[in-house]
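Have a look at the structure below before the remarks.
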Amino acid sequence: MDNQTNKKREVYIRVVFLKLGEIDTLKEKYAADVFFQARWREERFDNKDEIEEDDIVWDEYWSPKLSIENLLNSTLMDVWRLVEKDENGHAYITEKHRINGTFAESLELNEFPFDTQDLTIKVITERSEAEVQLCADKHEISSVNNQSFVDEQEWRLHSAVMTWNVVTAKVYKNRRHKHPALCSACKVTRRPEFFIWNILVVMMFICSLAFATFTVDYKLPQNRLQLTFILLLTTVTFKFVVNQSLPKISYLTYLDKYILTSMTILISICVWHAIVPKLGLDDEDSEEADKIALGVLGAIYLVFHIFFGFWISCASLKKRLNILKEDADYLAKINGKSPKKVAPSDEPNQDLA
């Protein structure tokens, strides 16, 4: 075995999202075809001119023992190794993985349905942080194939691939032993048009009809309440439809806030219809109070929609500018590097076609 096991090694990671499949918001997972490679220095190959990978006993050499922590299941998993040398004659072992499977992803749904999600691949090592350091490969940058995206009708895929380091502890091992991991993520933004036209706009029309109940004589609260209750029950149905599209989360999304605020306005109208006949006012004062209530509740409803639209527009614009900046920085980083020439056998599609 390698006699340099006590030496901390740097392992350079590159992740390529070859194909992105369906993104399941309800179950918080996504399908993908992923290629990732890891390379590290192996000095024992420096002085060898001709290297036959088939003759190498890989178990005799150091390995970072990598795996993908958030992999749920896979239909394809291939691993192969080869030895490459840089322009200075330094030898590197390159370990390549091709995985087609389903990956867990903890979705942040505060801004649903105007949300942007990270689709993450978390590469982790069985070795401790005292033995190995995982780094993003600066010579071969992680990337995503924008041309192969199954869920394009519902999501918009961005160009940038972000990487960051984390440290985790294995629950079945001594928690004092930390294991480094490197996360690579591409970004997708949900296309909100379906939810806008089928929920938000329909909800707005339904709640607007509640103000038509003021045309019924205030002396007939039973008729007013009957009409308003029907509209209220319709909004409850819409709330259940939204819940079926989301996991059981403990916070409110943008869509939840809109529906609950609309329900609050409907409930306020119901309460007013119930109490106006009991105020003890004469007919003229009751009609005047009814008109004031209609104006106040209508103004609140109008201001709420203006505020909600302005809030969503500002948040979406800020997020879009940040994503455009990330994409521009990522493309500049790629264009600033001269592409590394590799043999046809190094390409993931050719290796496993």
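Counting in our numbering, the sequence shown runs from 18 upward without gaps.
For glycine and all other residues, C-beta sits at the position ideal for the given N, C-alpha and C.
To the nearest angstrom, how far is it from the Cα of residue 97 to the Cα of residue 114?
Along the sequence shown, one-based indexing puts residue 97 at 80. Along the sequence shown, one-based indexing puts residue 114 at 97. C-alpha separation (whole angstroms): 7 Å.
Measuring CA to CA, which of 250, 75, 129 is closest to residue 211? Within the sequence shown, numbered from 1, the residue matching residue 211 stands at position 194. Measuring C-alpha to C-alpha distances from residue 211 to each of 250, 75, 129 identifies 129 as the nearest.
task = Would you check if there are 3 or more beta carbon pairs closer than 8 Å linking the stretch 149-158 to the stretch 65-76?
result = Three or more beta-carbon pairs separated by less than 8 Å are not found between the stretch 149-158 and the stretch 65-76, which leaves the two stretches without contact.
- Query: So what's residue 106 in DSSP terms, helix, strand or just coil?
  - Reply: Locating residue 106 in the sequence shown gives position 89, counting from the first residue. DSSP places residue 106 in coil when its eight states are reduced to three.
query = Residues in its own chain within less than 8 Å of residue 33 by CB, not counting five upstream and five downstream?
reply = As a working note, residue 33 is residue 16 in the sequence shown. In the same chain as residue 33, and ignoring 5 residues on each side of it, the C-beta atoms closer than 8 Å to its own belong to 51, 52, 53, 159, 160, 161, 162, 365, in chain order.
Can you list, in chain order, the residues of its chain with a C-beta nearer than 7 Å to that of residue 90? Leave out the 5 residues immediately preceding and following it.
Reading the sequence shown from its first residue, position 73 is the one you call residue 90. Answer for residue 90: 118, 119, listed in chain order.
- Message: Tell me whether the stretch 82-89 and the stretch 131-149 touch, counting them as touching only if at least three CB pairs, one residue from each stretch, are closer than 8 Å.
- Response: Touching, yes, given that three or more Cβ pairs across the two stretches are closer than 8 Å.
- Compute the distance between the beta-carbons of residue 100 and residue 146, then report whether it is under 8 Å. Position 83 of the sequence shown, counted from the start, is the residue given in the question as residue 100. Position 129 of the sequence shown, counted from the start, is the residue given in the question as residue 146. Contact flag unset, no.
Once the 5 residues before and after residue 294 are set aside, which same chain residues still bring their CB inside 7 Å of it? One-based indexing of the sequence shown puts residue 294 at position 277. If we look at residue 294 and ignore the five residues flanking it on each side, its Cβ neighbours are 235, 236, 238.
- request: Report yes if the CB atom of residue 29 is closer than 8 Å to the CB atom of residue 178, and no otherwise.
  value: Locating residue 29 in the sequence shown gives position 12, counting from the first residue. Locating residue 178 in the sequence shown gives position 161, counting from the first residue. No, these two residues do not count as a Cβ contact at 8 Å.
- When we look at the beta-carbon of residue 207 and count the other beta-carbons within 10 Å, is it buried (16 or more) or exposed? The residue you call residue 207 lines up with position 190 of the sequence shown. When all chains shown are included, residue 207 counts as buried.
Residue 280 and residue 254 closer than 8 Å at C-beta:
Here residue 280 refers to the residue found at position 263 of the sequence shown. Here residue 254 refers to the residue found at position 237 of the sequence shown. Going by C-beta atoms, residue 280 is not nearer than 8 Å to residue 254.
Check: Does DSSP put residue 365 in a helix, a strand or coil?
Finding: Position 348 of the sequence shown holds residue 365. Low per-residue confidence applies at residue 365: pLDDT is 43, beneath 50, and the placement is therefore not dependable enough to give any value.
TODO: Return the CA-CA distance between residue 6 and residue 322, expressed in angstroms with no decimal places.
DONE: Because the chain here runs from 18 to 370, residue 6 falls outside it and cannot be looked at.
- Message: Buried or exposed for residue 205, going by 16 or more other Cβ atoms inside 10 Å?
- Response: In the sequence shown, the residue the question calls residue 205 occupies position 188. Only buried fits residue 205, as 16 or more other CB atoms lie within 10 angstroms of its CB.
In whole angstroms, give me the CA-to-CA distance for residue 194 and residue 25. Looking up residue 194 in the sequence shown gives position 177. Looking up residue 25 in the sequence shown gives position 8. Rounded to whole angstroms, residue 194 to residue 25 spans 15 Å at the Cα level.
- Where does residue 147 sit, in a helix, a strand or coil, going by DSSP? Along the sequence shown, one-based indexing puts residue 147 at 130. It is coil, neither helix nor strand.
Exercise. DSSP state of residue 79, grouped into three classes?
Worked result: For the purposes of this step, residue 79 is identified with residue 62 of the sequence shown, where counting begins at 1. The DSSP-derived three-state label of residue 79 is coil.
With distances taken from CA atoms, which of 250, 338, 60, 231 is nearest residue 312? Within the sequence shown, residue 312 is the residue found at index 295, counting from 1. Closest option to residue 312, Cα to Cα, is 231.
Just how far apart, CA to CA, sit residue 36 and residue 49? Position 19 of the sequence shown, counting from 1, holds the residue named residue 36. Position 32 of the sequence shown, counting from 1, holds the residue named residue 49. Straight through space, the alpha carbons of residue 49 and residue 36 are spaced by roughly 6 Å.
If we call anything under 8 Å between Cβ atoms a contact, is residue 43 one with residue 266?
Indexing the sequence shown from 1 puts residue 43 at position 26. Indexing the sequence shown from 1 puts residue 266 at position 249. In this structure, residue 266 does not lie closer than 8 Å to residue 43 by Cβ.
* To do: Please say whether residue 39 and residue 124 have beta carbons closer to each other than 8 Å?
  => Walking along the sequence shown from the start, residue 124 turns up at place 107. Walking along the sequence shown from the start, residue 39 turns up at place 22. At a Cβ-Cβ threshold of 8 Å, residue 124 and residue 39 do not count as neighbours.
Thinking C-beta only, is residue 200 closer than 8 Å to residue 175?
Working through the sequence shown from its first residue, we reach residue 175 at position 158. Working through the sequence shown from its first residue, we reach residue 200 at position 183. No, they are not a contact pair.
- prompt: Exposed or buried, residue 290, counting other C-beta atoms within 10 Å across all chains shown (16 or more means buried)?
  reply: Within the sequence shown, residue 290 is the residue found at index 273, counting from 1. That one is buried.
Check your understanding: Hey, how far is the Cα of residue 310 from the Cα of residue 288?
Key -> As a working note, residue 310 is residue 293 in the sequence shown. As a working note, residue 288 is residue 271 in the sequence shown. A direct Cα-Cα distance of roughly 11 Å separates residue 310 from residue 288.
Requested in this report: Take the Cβ of residue 92 as the centre, count every other Cβ of all protein chains shown within 10 Å, and call the residue buried at 16 or more, exposed below.
Outcome: Counting from one through the sequence shown, the residue named residue 92 turns up at place 75. The residue in question, residue 92, is exposed, as its Cβ has fewer than 16 Cβ neighbours within 10 Å.
* To do: Below 8 Å on the Cβ atoms is my guess for residue 275 versus residue 217; work out the distance and round it to an integer in Å.
  => On the sequence shown, position 258 is the one that residue 275 refers to. On the sequence shown, position 200 is the one that residue 217 refers to. Right, the Cβ-Cβ distance comes to about 6 Å (below 8 Å), so this counts as a contact.
In this structure, how does DSSP classify residue 205 when only helix, strand and coil are distinguished?
Numbered from its first residue, the sequence shown carries residue 205 at position 188. DSSP, reduced to helix, strand and coil, places residue 205 within a strand of the structure shown.
Going by DSSP in three states, residue 99 sits in which element: helix, strand or coil? Residue numbering aside, residue 99 sits at position 82 when the sequence shown is read from its first letter. Reduced to three states, the DSSP call for residue 99 is strand.
Q.
Cutting at 8 Å between CB atoms, please list the residues of its own chain near residue 353, excluding the five before and the five after it.
A. In the sequence shown, counting from the first residue as 1, residue 353 sits at position 336. Same-chain partners within the cutoff: there are none.
**Q.** Own chain partners of residue 72 with C-beta closer than 7 Å, once the 5 adjacent residues on each side are dropped
**A.** Mapped onto the sequence shown, residue 72 falls at position 55. Nothing meets the Cβ criterion.
With distances taken between CB atoms, is the gap from residue 109 to residue 75 smaller than 8 Å? By 1-based counting over the sequence shown, the position of residue 109 is 92. By 1-based counting over the sequence shown, the position of residue 75 is 58. No, Cβ-Cβ distance for residue 109 and residue 75 is not below 8 Å.
For residue 196, which three-state DSSP category applies? The residue labelled residue 196 in the question sits at position 179 within the sequence shown. Strand at residue 196.
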